[in-house]
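With numbering that gives the first Met the number 0 applied, the sequence shown corresponds to residues 0 to 169, in that order. The structure appears below as structure tokens.
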Amino acid sequence: MAEFIVRDARVDDCDEILRLIKGLAEFEKKLHLLRTDTETLKRDGFGEKKVFDCFVAEETQSTGRSRLAGYLMYMWSFTTLTGRFLYVEDLFVERDFRRKGVGSALWASAMKLALSWGCGYMQWMAKRGNTSGINFYKQLGALETNTNNLMTFTLDEDAMTTACSKIVSD
Ligand SMILES: CC(C)(COP(=O)(O)OP(=O)(O)OC[C@H]1O[C@@H](n2cnc3c(N)ncnc32)[C@H](O)[C@@H]1OP(=O)(O)O)[C@@H](O)C(=O)NCCC(=O)NCCS
0 MAEFIVRDAR
10 VDDCDEILRL
20 IKGLAEFEKK
30 LHLLRTDTET
40 LKRDGFGEKK
50 VFDCFVAEET
60 QSTGRSRLAG
70 YLMYMWSFTT
80 LTGRFLYVED
90 LFVERDFRRK
100 GVGSALWASA
110 MKLALSWGCG
120 YMQWMAKRGN
130 TSGINFYKQL
140 GALETNTNNL
150 MTFTLDEDAM
160 TTACSKIVSD
């Protein structure tokens, strides 16, 4: 087992979290889409109207220097049918730390938290073809959600601006 601890992220982790976010974006070949910076993370994860929470896995070194090995970013969501649930936005473990239980430890922290709030489930998305991620989720017992006739919609910035200008006159 690697030497690491899982803890809640702190505002001074934002540079390191951004480094890991870049790692995930690179892994998913989406680096060119990345707009998030440290200031965004500070505002949206630690500011007055924060929208996400985050667990980090920190490598413990005898030198006292620390480095983050992975992170799990989550937010609370709610469905009127069953109440609160935990939505996982990102899970990423640095290559050197994989298959050492870091991802499991991060996920365990999220599961414990969700259970402590009486959540009926956790939810997240995975890209088809990400076999390592899918294998990780399957060994946890996760099932692919059958979305039946549900569709996911996205309204991008340009579409929002255009739609808004048509509806709102001022
Ligand atoms: C998926 C990921 C988070 C797993 O993290 P990890 O720290 O390596 O996971 P763990 O060591 O806790 O693995 C637990 C179990 O998951 C399964 N697993 C993990 N990685 C696997 C892989 N590459 N292939 C097959 N099974 C895997 C195994 O059953 C493993 O147990 P074992 O090592 O005793 O066989 C990590 O590989 C990662 O960051 N990948 C890139 C980003 C990513 O895919 N994130 C998920 C996006 S949806």
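Glycine included, every Cβ here is placed at the ideal spot set by N, Cα and C.
- In this structure, G119 places its C-beta atom within 8 Å of the C-beta atom of F84.
- A check of alpha carbon separations from F54 across T160, N129, R127 and L19 identifies L19 as the nearest.
- Selection H31, G100, T35 and K29 evaluated against E15 yields T35 as nearest (Cα-Cα).
- Per the CB criterion, closer than 6 Å to any heavy atom of ligand 1, the qualifying residues run in chain order as L23, F26, L90, F91, V92, R97, R98, K99, G100, V101, G102, S103, A125, N129, S131, G132, N134, F135 and Q138.
- Comparing alpha carbon positions, the residue from S76, K48, R94 and D7 closest to K21 is R94.
- Rounded to the nearest whole angstrom, the C-alpha separation of G117 and W106 is 17 Å.
- Distance from the Cα of A109 is smallest, within the candidate group T79, G128 and Y73, for Y73.
- At the C-beta level, A68 and V101 come within 8 Å of one another.
- In the structure shown, F54 falls within a strand segment according to DSSP collapsed to helix, strand and coil.
- When C-alpha distances from W75 are compared across A104, G128 and G44, the shortest belongs to G44.
- Contact annotation: T81 and E2 have beta-carbon atoms that are not nearer than 8 Å.
- Relative to the Cα of E27, the nearest Cα in the group N147, N145, E38 and N129 belongs to N129.
- In this structure, D89 is the residue among S65, D89 and D12 with its C-alpha nearest to the C-alpha of A24.
- In the three-state reduction of the DSSP assignment, Q60 falls in the coil class, being assigned neither a helical nor a strand state.
- Of all alpha-carbon atoms in R6, L32 and K29, the one lying nearest the alpha-carbon of D52 is that of R6.
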